[in-house]
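K.L.:
Starting off with a structure, shown below.
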Amino acid sequence: MRALWEYLWGVLSGAWSLAAGMGVTLRYMLQPVATVQYPRQRLPLPEAFRGPIRLRAFPDGHHCVACGECWRTCPSGVIKVQGLKAQAKDHNRARYFFIDFSRCSLCGLCVEVCPQQALAFSREYETVGPSRYLGVKDLIAALEQEEVVP
Ligand code: SF4
Ligand code: SF4
18 MRALWEYLWG VLSGAWSLAA GMGVTLRYML QPVATVQYPR QRLPLPEAFR
68 GPIRLRAFPD GHHCVACGEC WRTCPSGVIK VQGLKAQAKD HNRARYFFID
118 FSRCSLCGLC VEVCPQQALA FSREYETVGP SRYLGVKDLI AALEQEEVVP
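To convert, take the position in the sequence shown, counting from 1, and add 17; that gives our numbering.
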C-alpha cells in the first residue's frame with residue numbers, strides 16, 4: 018500500500034511541476050517579444066551613451082590646437098598629439114592625434130578638459146577587433162572620413 022501511495026505521489030508531483038512549467042511558458046508566450054534580432058534590428062541608443070572618443074567635425078575641420086591638456090590629463094596615458102604651424106604667425110594645429118582604444122576607459126576626462134571643445138564621445142559601439150594593436154587610431158585620419166557633425 019505504501020509503495021502505491023509513493024507511486025501516486027510521484028505522478029501527481031510530476032504533473033504539478035509540468036503544469037507549473039507550462040504556465041510560465043504560456044505566460045511569456047502571451048507577452049510582447051523583448052528580444053531584438055541583432056544585427057538586423059537595433060535598439061535606439063540612450064542619450065548618455067559614450068562611445069569611443071572622436072574629434073568633433075566643424076566646417077573648417079577640427080579645432081584641436083595640440084595644447085596637450087588631454088594627454089596630460091588622461092589617466093591611462095593613451096593619447097599622443099602632435100601639432101604643426103604652417104607659418105610662424107599661425108596658431109598651432111594638430112596634425113596627428115593618436116588614441117590607443119584598447120586601453121582607453123572612456124572616462125571622459127579628455128573631453129572635459131579640452132579648452133577648444135574639440136573632443137566628443139562618438140555613438141559607435143561595434144569596436145571589436147582581432148588584435149589590440151588595431152585599437153590605435155588616428156582621430157584626424159578618422160575625421161577625414163566622417164560627415165560634419167558639430
Ligand atoms: S576617455 Fe579617459 S582614458 Fe580614454 S583617452 Fe580620454 S582621458 Fe584617456
Ligand atoms: S583635443 Fe583639446 S585638449 Fe587635446 S590637444 Fe587638442 S585642443 Fe588640447
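Glycine included, every Cβ here is placed at the ideal spot set by N, Cα and C.
As the structure is a prediction and not an experimental result, all values here were calculated from the model.
With a CB to CB cut of under 8 Å and the five nearest residues on each side skipped, what residues in its chain are close to F115?
P.N.:
I96, K97, V98, V153, K154, D155, L156
K.L.:
Within 7 Å: the Cβ of P132 and any heavy atom of ligand 1?
P.N.:
no
K.L.:
What runs of the alpha helix (DSSP H), each 4 residues or longer, lie entirely inside the stretch 34-107?
P.N.:
86-90
K.L.:
Measure the C-alpha to C-alpha separation of A159 and C81 and round it to an integer number of angstroms.
P.N.:
14 Å
K.L.:
As a quick check of your reading: which residues have a C-beta less than 7 Å from at least one non-hydrogen atom of ligand 1, in chain order?
P.N.:
I70, C87, T90, C91, P92, S93, V95, I96, I116, C121, S122, L123, C124, G125, L126, C127, V128
K.L.:
Between which two residues does the alpha helix (DSSP H) holding V153 run?
P.N.:
V153 -> not in any alpha helix (DSSP H); beta strand (DSSP E) instead, spanning 153-155.
K.L.:
So S93 and S122 are supposed to be a Cβ contact under 8 Å. How far apart are they, rounded?
P.N.:
6 Å
K.L.:
What is the residue span of the beta strand (DSSP E) that L136 lies within?
P.N.:
136-138
K.L.:
Considering C121, what are the terminal residues of the alpha helix (DSSP H) in which it resides?
P.N.:
Neither: C121 is in no alpha helix (DSSP H) and is coded neither H nor E.
K.L.:
Does DSSP classify Y142 as helix, strand or coil?
P.N.:
coil
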